[in-house]
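Numbering (the numbering used here), first residue to last: 1 to 206.
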């Protein structure tokens, strides 16, 4: 039996368990916040954030993210071009970090959240356990999403030797940072309890 079926609601602010009020809205006994059965408009908000992030993901990959100058020569580079430039500069570990953080992680988050939303709304044949594992993995990799921006910021601060070598951040970095923030917010606005609400018990027992 789910907690909601037993009339128990959890506060979204302080996570206090509260008994559902019979007539009026339920007020948290600890912090005084209004307690909702589920996050209001969770799916709509998550879709809005996800679509916006997907749109910005295009310029984030097409616009230059940084400019690497060596001996006065350098051209603005996109994410992939920046990875290649770092490899050519014998910065293979940093190139690997940039590739994973800039390409693999954002792509997985966009695809993963999309699959979660679609499976919840369309009741696709995926068990609740599979969905919750996917959601937890998306939450886990979310903490690494800003790693690429941190790397660029550190490189801009450290690699500044005048005409010898410099690294500058470009518009693509701003677009990418926005994508990261939006995907993190999308993961927060998505209510994982909807996974269990929209899964047939018989499918979970198979």
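Glycine residues also receive a C-beta, built at the ideal position from the N, C-alpha and C atoms.
query: Can you find a CB in chain D that lies within less than 7 Å of the CB of residue 179?; result: Included in the structure is just one protein chain, with no chain D present.
query: Skipping 5 residues on each side, what residues in its chain have a beta carbon closer than 6 Å to that of residue 194?; result: 120
query: Could you pull out every residue in the same chain whose Cβ sits closer than 7 Å to the Cβ of residue 99, ignoring the five residues on either side in sequence?; result: 83
query: Which of the three DSSP states, helix, strand or coil, is assigned to residue 67?; result: strand
query: Please return the same chain residues whose Cβ sits closer than 6 Å to the Cβ of residue 155, not counting the five positions on each side in sequence.; result: 167
query: Please state the DSSP three-state secondary structure of residue 18.; result: strand
query: Grouping DSSP H, G and I as helix and E and B as strand, with all else coil, what is residue 81?; result: helix
query: Please report the Cβ distance between residue 186 and residue 66, rounded to the nearest whole angstrom; I am assuming they are in contact, meaning their Cβ atoms lie under 8 Å.; result: Rounded, the Cβ-Cβ distance is 26 Å, inconsistent with contact.
query: Contact between the region 51-59 and the region 104-113 is defined here as three or more beta-carbon pairs at a separation below 8 Å; is this criterion met?; result: yes
query: Among the candidates 12, 36 and 31, whose CA atom is the shortest distance from the CA of residue 21?; result: 36
query: By the 10 Å Cβ neighbour count, where 16 or more other Cβ atoms means buried, how is residue 40 classified, buried or exposed?; result: exposed
query: Would a C-beta distance cut-off of 7 Å place residue 92 and residue 145 closer than the cut-off?; result: no
query: Measuring CA to CA, which of 176, 42, 182 and 196 is closest to residue 59?; result: 176
query: Please return the same chain residues whose Cβ sits closer than 8 Å to the Cβ of residue 8, not counting the five positions on each side in sequence.; result: 17, 18, 19 and 20
query: Roughly how many whole angstroms lie between the Cα atoms of residue 206 and residue 123?; result: Because the pLDDT at residue 206 is just 43, under 50, the model does not fix this residue reliably, and the value given afterwards should be weighed accordingly. Their backbone Cα atoms lie some 16 Å apart in a straight line.
query: Less than 6 Å separating the Cβ of residue 38 from some heavy atom of the ligand PLP?; result: Although the ligand PLP was asked about, the structure shown includes no ligands whatsoever.
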